[in-house]
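Working notes for the structure below.
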Amino acid sequence: MKKNKNKSLKPVIQIKEMHKWFGNFHVLKNITLGVNQGERIVICGPSGSGKSTLIRCINRLEVHQKGDIIVNNVELTGDLKNLEAIRSDVGMVFQSFNLFPHLTVLENCTLAPIWVKKLPKKEAEELAMELLTRVKIPEQALKYPGQLSGGQQQRVAIARSLCMQPKIMLFDEPTSALDPEMIKEVLDTMIELAQTGMTMLVVTHEMGFAKKVADSVIFMDEGEIIEQNDPKNFFNNPKNDRTKLFLSQILNH
Amino acid sequence: MSEKIYKPGSYPDLPPPPGTVGLYGWIRQNLFSSISNSSLTIISVVLLYYLIDGIIGWFFLNAVFDAESKIACRKIDDGACWAVITRRVGQFVYGFYPEAERWRIDITFLTMFLAFAPLLYPDIPKRKWLLYFSAFYPFFAFVLIMGGYFGLQKIEYSLFGGFMLTVILGVCGIVCSLPLGILLALGRQSNLTVVKTLSVCFIEFMRGVPLITLLFVASSMLNYFLPPGTNFSILVRVIIMFTFFSAAYIAEVIRGGIQAIPKGQYEAADALGMNYWQKTRFITLPQALKISIPGIVNTFIGLYKDTTLVVVIGLLDPLGIGRAALADTKWNGLSTETYLFVALFFFVSCFAMSRYSLWLENKLNTDKK
Amino acid sequence: MTFFSNIWRNEKSREIIVQIIVLFFLGWFISWLVMNVNANFEALGKDISFEFLFIPAGYDINQYLIDYDSRDSHLRAGIVGLLNTGLVAFFGIILATVLGIALGIIRLSKNWLASKIAYWYVEFTRNVPILLHILLWHGIIINTLPHPRKAISLGEVTFLSNRGFYIPKPLAESGIELIYLFLVVAIIFSIFFAKYCKKKQDLTGIQYPVFWINFSVICFMPLIAFFLSGMPISLEIPALKGFNFRGGMHMSPELAALTFALGIYTAAFIAEIVRAGILAIDKGQTEAAESIGLKPSKVMNLVILPQARRVIIPPLTSQYLNLTKNSSLAIAIGYMDLVATLGGISLNQTGREMETMLIVMLIYLSVSLSISAFMNWYNSKVKLVGR
Amino acid sequence: MKTKMLLAGVTAGVMFAGSVLASTLDDVRARGKLNCIINTGLAGFAAPDDKGNWTGFDVDFCRAVAAATLGDADKVNYTTATGKTRFTKLAAGEGEILSRNTTWTFSRDVDLSQTFIGVNYYDGQGFMVPKSLGVKSAKGLDGASVCIQTGTTTELNLAEYFKGNNIKYNPVPIETNAEAQELYKAGRCDVYTTDASGLYATMMSFDNPSDHMVLPEIVSKEPLGPVVRHGDDQWADIVSWVLRAMMAAEEKGITSKNVKELAAKDNKDKEINRLLGKDPLQGLSKLGLSADWAVNVISQVGNYQESFEKHLFPLTIKRGMNALYRDGGLHYIPPIK
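Protein chains in written order, with the working numbering: chain S, 151 to 403; chain L, 340 to 708; chain C, 4 to 390; chain D, 172 to 508.
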């Protein structure tokens, strides 16, 4: 896949010396990270390394205790108005889909646009259908999530986030809960999304995806960013020993 | 030995071994599978025989269904004297509601099923239209029962009694306690310490004291807490207490429902930028209430049974009507018949409700897959 | 203006503001209630005072576990009532537990008929209000049992009549100390023996029938002492004197009816809890236990019951609590419990509704709170360790 | 959606029954009905018949007050109360009158802040036993089980009497008369004690009344009468003069049969004229009653004697203390002037 070379260098996410603790446990240590508009970043690392926590801090699902996070020029603090603004600009896709089981696929997609963005119902539904078409499941619109396969559910979840017309998309291990034959359909959707120039932060172990799409790959361990590099260098000559060990473990099985 | 090539489907279906299917097989498996099992069966049969023999004789064969008085009953036969019921069945059902106006109660209760149907059976056809009726029903029922409007004769609370009173207390109690229970459940799950503490205190207090003491409060002390001159009818005061009492239990049921919702649901809603009330309205409550319906029905059954306690503060529910009947010279001494009749009424209605709750639970289980 | 909007927009300060508003309304509401009470009491010429607790009650109580006389105070009458509540709750809980567990197990029995009978029994009892159970049992006891003069006697020492059940009362004489001593020794021995056997099994794998050995030691040691010391226990046998039996231990029809009604009603709920608790254990647990070669009795004792207990005990405790609260319906048949003494006759004689009901409610509340505290402690203790 | 509907239900559930800021009489008139608190069931005094109408001696008094204030004896709502709940129900404003064989005592009058407006039945606590027991005096009741109706003065009288005579007994406290009756009949207790009137009422309800007897000892004074709340003197006066009017009517020979006739003509006895509205009664307007109030009471309910005969004679209760003063009883009526 051809990489998108003409990206603006406008930073959309700036994280500076950010720390986070769960009780006494220091999960994130001195994280500094900048993401430019249109950049695609893949975060990998062993389980428990804090990568999920990191991206959850970006839309304040987790509250960081020290340092700054600035998203779209708005600083994340306890201010509720700012939070609302950030959350409608940042979409998130979860490992376990988290679709609302009591609503149809269409209702899942229109709920937030109608109530948070205050779109008229008709407009919201049109937008939702358009995005469902984009993730290739418009025919499932009136079904309930429980009636869909895992891959389909995850694609609905992506469409649901896109309905808020976000500027940034966060993916938290979007394929880990899926059967192998469904991983591809989700990854394809994500690749298509990447081609539209969306800013994406993806926590995943799918190294194929990283090689294909990512502008840069981050390796985390024990709450620290160990290494950040473009995919070619990251996979071919990792600098850090821990990165080498990690790559040898996940690539050689 | 000639080699046989196996082809799928070529082996014939054989009948099962004898004695494992059919009536005989069923009896053998379920009643006489071992020595201890067989003896249990025999004991049960003997027990049942004596029970049924005694009961049928007293209940039906030797019973008297109509007579002038207890003495007249005893002259006819020595079984149960159901005349105390048949002669006063109107009182047992309607209390002292004027006879000419009883059709109003009949209509109210018949339409009640129509009003509840869309809430209790989600798959009912034309649900939406019925829901409008349900919303309108409380006013309809209130006007019809109380009167005073549209040329209907006004009826005083003190004439209410019998099963009608039971149903009114139960239904009003549960309908009023649902919103309060929901608020309490949300309060108990709230991050705000003050709100949480208040909800916990209220819930634990109501669940900690016997209902009878709350009814005493309703009957004797509630007025002290209101501005001088305020005067509620005892019926309203009792309904208030029932509401508080069952709201505490319903809050706990709904809290269970809320806790059963996976954390991911809230995270997804957060990520979409919803605020607390939007999350509560669109995500938490629809899911929590659906899970809690069987629990709510069970709470209702409990409340419905507890309405008998109002007899202690002098209201004439079926039990009170029964006791008033026993105070009548003619029927004195027929307590077993009276109590059994009331017990039977409660059994039939509560059993029906618990079957409904069971059906719903199974349905929810299959829905979830 | 911006200052206030900033405060309102901040997560933390918004929470604090909301809580202050709630507190303000709460304070206003409470003071409104207090003002109303004051105004009403002034209009009626009443006051709030607990002095009535110390004036003579003036009425008699038919059953007391501590000495009581009509000249004792209302406070003492209340304590007598509280003890009576405790007594009936104690008997009721024992009956409900035994019956409930038996029914729960019969419900799961492979015998279709027995299981059906248990099923209908449970349905019949739990769908009829407890008050009716109490009234029906009371009616049955006083209407079907004979007058004391025609009492049913079992061996001329135990009597059943509509005045209740009379059984002989053991009276201690000199020399009884030896029996107590032997009992204490037996219990201490059992504890050490159990520990010893456990250790022995851990080390060598040898298993002893510990339960049976300890059981017989605890039973027989006091019995031996009883004969050694020359049988120092005599029985006071109830006898018909005047209108009633006198002497012996007596269970009044009200206590009996209440015990039966509460026990039988609660047993229906306990049966369901026990059944659900056992069914809640995954079938795979039994299969796994059988596949490693455990005997059926060991499967039950070592695998199923420890897990089922965790599921059963919390709802069981709340049933016990319900039973205790339901015992307040004693008032309907004239059993003198807490509600009938302090919240009944005392209230009525003194006209102190506010004070008496406050005391009664606080007592029930503290009982139920301490039970739920215990339950929380138990839950946290047995909680499965999970990720 | 659902929550909205439920809220609608709540609004319907909150039903005010009006307030009592106005005078009691105005309240009753505005409502068009008198609220009267009566017994849950005591033969002869208050019990529902098979048709659901309350009848009895106490019920008659409610009817009389309704006749005097509203002109129609049927305009009464009956609220039932047990011995325990009656005072609180009255205090809570659930009725304007408590007409439920209630004993007039100092503490009830003063401490419980109620107004006893007179005595309509002189009673005393007695004991009923089955004749087969062979007891001739209350002093022979040592060791007996005694059924008591609670929420009354009964348990105090009993404790005092037995204590004074050093007799041991086993009290069985009961909430209502109906239950006490059941227990006594089933032999749960040897003795039933309550007001003698109640004992006679109970006895008559038995299959064989002659198998039982009321012991000669009357251990207390129980003047029974209607009660109203403290604080509305006008209302207390109305209720007390309704009671006196019924007794005065008996004294003057006015009955429900001849009251219309007497009211129409000029009687020699000026007291009759004043009572029946022929001659003006000073201050009647202060009570807020119409001139024909007593006519309404007597024509619709009857005089004291009629009510007594109708409800209490069937229980074999004799007039005794409850006769008029001139017949040797205790009822002495102040002059109607």
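In this text, a Cβ means the ideal position worked out from N, Cα and C, and glycines have one as well.
Along the beta strand (DSSP E) that carries residue i, what are the first and last residues, could you check?
| i | result |
| --- | --- |
| Ile-220 of chain S | 216-221 |
| Arg-271 of chain D | 268-274 |
| Val-247 of chain D | 247-252 |
| Asp-366 of chain D | 362-366 |
| Tyr-340 of chain D | 340-345 |
| Leu-157 of chain C | 155-157 |
| Phe-479 of chain D | Phe-479 of chain D -> not in any beta strand (DSSP E); alpha helix (DSSP H) instead, spanning 475-482. |
| His-176 of chain S | 175-186 |
| Lys-166 of chain S | 161-172 |
| Asp-371 of chain S | 366-371 |
Per DSSP, what kind of secondary structure is residue i in: helix, strand or coil?
| i | result |
| --- | --- |
| Asp-322 of chain S | strand |
| Leu-192 of chain D | With a pLDDT of 46 at Leu-192 of chain D, under the threshold of 50, the modelled position of this residue cannot be trusted, and the question is left open. |
| Trp-421 of chain L | coil |
| Ser-381 of chain D | helix |
| Gln-297 of chain S | helix |
| Gly-709 of chain L | Past the edges of chain L, shown from 340 to 708, lies residue 709 of chain L, and the structure says nothing about it. |
| Leu-163 of chain C | strand |
| His-150 of chain C | coil |
| Leu-574 of chain L | helix |
| Phe-225 of chain S | What sits at residue 225 of chain S in the sequence shown is Glu, not Phe. Glu-225 of chain S falls in the strand class under three-state DSSP. |
| Ser-372 of chain L | coil |
| Val-352 of chain S | strand |
| Trp-468 of chain L | helix |
| Thr-623 of chain L | helix |
| Pro-299 of chain C | helix |
| Val-242 of chain C | The sequence shown places Ala at residue 242 of chain C, not Val. Three-state result, Ala-242 of chain C: strand. |
| Cys-259 of chain S | helix |
| Tyr-563 of chain L | helix |
| Cys-689 of chain L | helix |
| Ser-473 of chain L | helix |
Report the option in the options whose CA atom is closest to the CA atom of residue i.
| i | options | result |
| --- | --- | --- |
| Ala-422 of chain L | L:Ala-664, L:Thr-450, L:Arg-576 and L:Gly-361 | L:Ala-664 |
| Pro-212 of chain C | C:Phe-196, C:Met-224, C:Arg-110 and C:Thr-262 | C:Phe-196 |
| His-383 of chain D | D:Arg-234, D:Ser-278, D:Lys-222 and D:Lys-307 | D:Lys-307 |
| Arg-427 of chain L | D:Val-343, D:Asn-224, D:Thr-251 and D:Val-236 | D:Asn-224 |
What whole-angstrom Cβ distance do residue i and residue j have, given they're in contact under 8 Å?
| i | j | result |
| --- | --- | --- |
| Met-168 of chain S | Lys-216 of chain S | 7 Å |
| His-141 of chain C | Ala-260 of chain C | 4 Å |
| Ala-291 of chain S | Leu-282 of chain S | 6 Å |
| Thr-354 of chain S | Cys-194 of chain S | 7 Å |
| Tyr-433 of chain L | Ile-494 of chain L | The Cβ separation is near 11 Å, so there is no contact. |
In terms of residues, what are the limits of the alpha helix (DSSP H) holding residue i?
| i | result |
| --- | --- |
| Thr-269 of chain C | 256-282 |
| Gln-231 of chain D | Checking the sequence, you will find Asp at residue 231 of chain D rather than Gln. 228-241 is the extent of the alpha helix (DSSP H) around Asp-231 of chain D. |
| Ser-16 of chain C | 14-47 |
| Met-613 of chain L | No alpha helix (DSSP H) contains Met-613 of chain L, which DSSP labels as neither H nor E. |
| Lys-423 of chain D | 404-423 |
| Asp-239 of chain S | 230-239 |
Is residue i near the ligand ATP, with its Cβ less than 7 Å from a heavy atom?
| i | result |
| --- | --- |
| Ala-259 of chain C | Ligands are entirely absent from the displayed structure, and the ligand ATP is therefore not among its contents. |
> Is it a yes or a no for the stretch 123-134 of chain C touching the stretch 265-278 of chain C, going by three-plus beta-carbon pairs under 8 Å?
Replying inline: yes
> Using a beta-carbon distance cut-off of less than 9 Å, what residues from the stretch 351-364 of chain D approach chain E?
Replying inline: Absent here is chain E; the protein component of the structure consists of chains S, L, C and D.
> Using 8 Å as the threshold, is the stretch 221-236 of chain C in touch with the stretch 92-105 of chain C, meaning 3 or more CB pairs across them?
Replying inline: no
>> Would you call the stretch 511-526 of chain L in contact with the stretch 7-24 of chain C, where contact means no fewer than 3 C-beta pairs closer than 8 Å?
In response: no
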